Amino acid sequence: MTFNDFLSRYQEIRQSMPQSPTRSFGNENSDLSSYTYRSSNCYHCFDCVECKNCSYCFDCVRCSDCIDCSYCVDCELLYGCVDCYKAYNSAYIDYCSRTYDSFFCWDCSDCHDIFGCTHLKHKQYCVFNKQYTKGEYQEKIAELLKLSPEENIKKLKALIQKYPFGPTNITSSTNSDYGNHVHYCNNCYLCFDTARSQDCGYLYDSAYCQASYDLSYCYKAELCYECVDCAKVYSSNYLERCSDCFDCSYLTDCLDCHNCFGCVNLAHKKFCFLNKQYPEQDYLKLIEGIKPTVR
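Numbering of the sequence shown is given in the numbering used here, commencing with residue 679 and proceeding in unit increments.
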């Protein structure tokens, strides 16, 4: 079988399979969510991984008890937050890490009990970047919390304008300058919205990946190439909406498969070619003529 013949047959199988209205794996009580993976009690959440008790969240990883949050990782008890890491019990904070008990902050790290602040590190009891005692802080935020969120956000935006703003947002990363929104990464080239990854290139919206290239919406992928919307995949390429797979190529909507090639909608399978089961040696012979042409 030539590679073109294989592709034609693979596309036929893809088109013949029923399409699920949602794209999710391993969820519990999260029927009104899509593109979620191993999450529980989530309502209207999308592109989330290992989250629980969340509502209206987008692209969050390992978050719990969060509402209206996007691009948050390892966070708990947040409301209306964006691009936060290990934040706790806060509301309306953006681009903050290891921050807790805070409100209306932007680009702060290792802080707690701050309100309306930006570009702060290792601070507490600050209001709009001014230092106060604990008692003074509590009195001030009691009054500020009576204002509408829009009023406090307007004040914060005016304060942000007084500080320089770089062309990219890259934090705690090494040799990963060519990209944007890259956090805790090493040796990553032209990656965007990427976190906790290393030795990767051309990643978008992915986290915890290693030695992989050309991935989008992937989580914990290693030694992978050209994968989309996959989780916990290893030594695989050209996968779409797959999870817990390894040593596979050209799979769509597959779960817990290994050594499969050109398959669609399979679960807990091995040594399958174009959705048919083969003995191991027969499988290896079938793909031998195709694999060299796709390297």
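The beta carbon of each residue, even a glycine, is placed where N, CA and C say it ideally should be. Keep in mind that this is a model prediction, so the values were computed, not measured.
Item	Value
What number of angstroms, rounded off, separates the C-alpha of Phe703 from the C-alpha of Cys804?	43 Å
Measure the Cβ-Cβ separation of Tyr912 and Asn937 and say whether it is below 8 Å.	no
Does the distance from the CB of Tyr715 to the CB of Ser921 come in under 8 Å?	yes
My output table needs one value for Gln955: the three-state DSSP class, helix, strand or coil.	strand
Please state if the CB of Gly794 and the CB of Lys824 are separated by a distance shorter than 8 Å.	no
Helix, strand or coil: which one does DSSP assign to Gly813?	helix
How about Tyr757 and Ala769: are their beta carbons less than 8 Å apart?	yes
Could you spell out where the beta strand (DSSP E) holding Leu755 opens and where it closes?	Glu754 to Tyr757
Does DSSP classify Gln697 as helix, strand or coil?	coil
Can you give me the start and stop residues for the alpha helix (DSSP H) that Asn830 sits inside?	Pro827 to Ile838
Nearest to Asp855 by CA position, among Pro842, Thr872, Glu690 and Ala885, is which residue?	Thr872
Note down, in chain order, each residue of its chain lying with its Cβ closer than 8 Å to the Cβ of Glu706, except the 5 sequence neighbours on either side.	Ser717, Ser718 and Asn719
Can you give me the Cβ contacts of Gln888 inside the same chain, cut-off strictly under 8 Å, excluding the 5 residues immediately before and after it?	Ser875, Gln876, Asp877, Cys878, Ala899, Glu900 and Leu901
By the 10 Å Cβ neighbour count, where 16 or more other Cβ atoms means buried, how is Leu974 classified, buried or exposed?	One cannot answer for residue 974 here, as it falls past the ends of the chain, which runs 679 to 973.
Count the other CB atoms, across all protein chains shown, that sit within 10 Å of the CB of Asn682; report buried if there are 16 or more and exposed otherwise.	exposed
Is it buried or exposed for Pro970, if we count other Cβ within 10 angstroms and need 16 for buried?	Bear in mind that the predicted position of Pro970 carries a pLDDT of just 48, short of 50, making it too unreliable to give a figure here.
In angstroms, rounded to a whole number, what distance separates the CA positions of Val638 and Tyr713?	Nothing can be reported for residue 638: it is not among the residues displayed for the chain, which extend from 679 to 973.
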